[in-house]
Amino acid sequence: MLDTTALNQQRNFFEGHAAIWLFGYGSLIWKADFAYLERRPAYIHGWERRFWQGSHDHRGTPEAPGRVATLVRSEGSICHGMAYRITPEVLAPLDVREKNGYLREKVALTFVDEKTSVAEKSSRTEQSEGLIYLASEDNPAFLGDAPLDEIAQQIANAHGPSGPNRDYLVNLAVALRELGAKDAHIFALEQQLSRF
Ligand code: BEZ
């Protein structure tokens, strides 16, 4: 396992800032067990969500790893999620919790402002820089692509200290529907999962 905790603590993209936007695209969408100042639905350009990261310590075990979300670059795509405005000290425990290959990266967020009317929305987009935790293909836990039915079967069979891998995928699909977000990979996987 690559322990990325120390590496992340050097990735201080927002040094000196009193608050930071953290963009959640996986479990952070529905489960934020940290203090935050505010949260807003948002999206990022040029990325797609994929169940390509192995999980040996949360949703699986070293013997039977689960699969959890990461992002892959994809020009023209957008990935919906939830942005949390946090104080910088919130990141340290997240660096420890997400130590298995996830590194902090800087991204541009676009907020989906629920308070504005449809007419206003088209003429007004609000943006900010923010952070994501990204597991890229060079980390040892990265599993990469596989046929959807194989990914779904692996998820159906995996359990870890944070619970069944199945719950992670189902909770993510429910949360994305609540956000009104489209995500063909996640919804196709959810459908495949129902077979196992
Ligand atoms: C997320 O929900 O964005 C996330 C959670 C844990 C690790 C990486 C990303």
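Position in the sequence shown (first residue = 1) + 34 = the working numbering.
C-beta atoms are modelled at their ideal positions from N, C-alpha and C, and glycine is treated no differently.
Only a predicted model underlies this, so the values are computations on that prediction, with no experimental measurement involved.
Asked                                                                                                                  : Found
Rounded separation between Phe230 and Gln44 - CA only                                                                  : 42 angstroms
8 angstroms CB neighbourhood of Thr38 in its chain, flanking five on each side removed                                 : Asp129, Glu132, Lys133, Asn134, Gly135, Tyr136, Leu137 and Asn173
Supposed close pair Gly88, Leu177 - CB separation, criterion 8 angstroms                                               : 5 angstroms
Exposed unless 16 or more other CB atoms sit within 10 angstroms - verdict on Phe85                                    : buried
Own chain partners of Leu41 with C-beta closer than 8 angstroms, once the 5 adjacent residues on each side are dropped : Leu137
Cβ-heavy atom distance, Tyr136 to the ligand BEZ, below 7 angstroms                                                    : yes
CA-to-CA distance, Glu82 to Asn205, given in whole angstroms                                                           : 18 angstroms
Straight-line Cα distance separating Glu212 from Ala218                                                                : 15 angstroms
Which listed residue (Phe57, Asp67 and Glu49) has its alpha carbon closest to that of Leu165                           : Phe57
Neighbourhood of Gly80 by C-beta, 7 angstroms cutoff - its chain only, sequence neighbours within 5 removed            : Arg107, Ser108, Glu109 and Ser111
Proximity below 8 angstroms, CB of Leu227 to CB of Ile189                                                              : yes
Under the three-state DSSP convention, the category Leu41 falls into                                                   : helix
beta-carbon Gly88 near the ligand BEZ non-hydrogen atom, thresh 7 angstroms                                            : no
Residue span of the beta strand (DSSP E) that contains Leu137, given as start and end                                  : Leu137 to Phe145
Beta-carbon proximity of Leu168 to Thr95, cut-off 8 angstroms                                                          : no
Cutoff 7 angstroms; reference Glu171; Cβ partners in own chain excluding five residues on either side                  : Gly178
8 angstroms Cβ cutoff met for Ala186 and Leu223                                                                        : yes
Ile189 CB to nearest heavy atom of the ligand BEZ below 7 angstroms                                                    : no
Straight-line Cα distance separating Ala207 from Ser151                                                                : Residue confidence is low: Ser151 scores 48 on pLDDT, short of 50, so the model does not pin down where it sits. No coordinate-derived value is stated.
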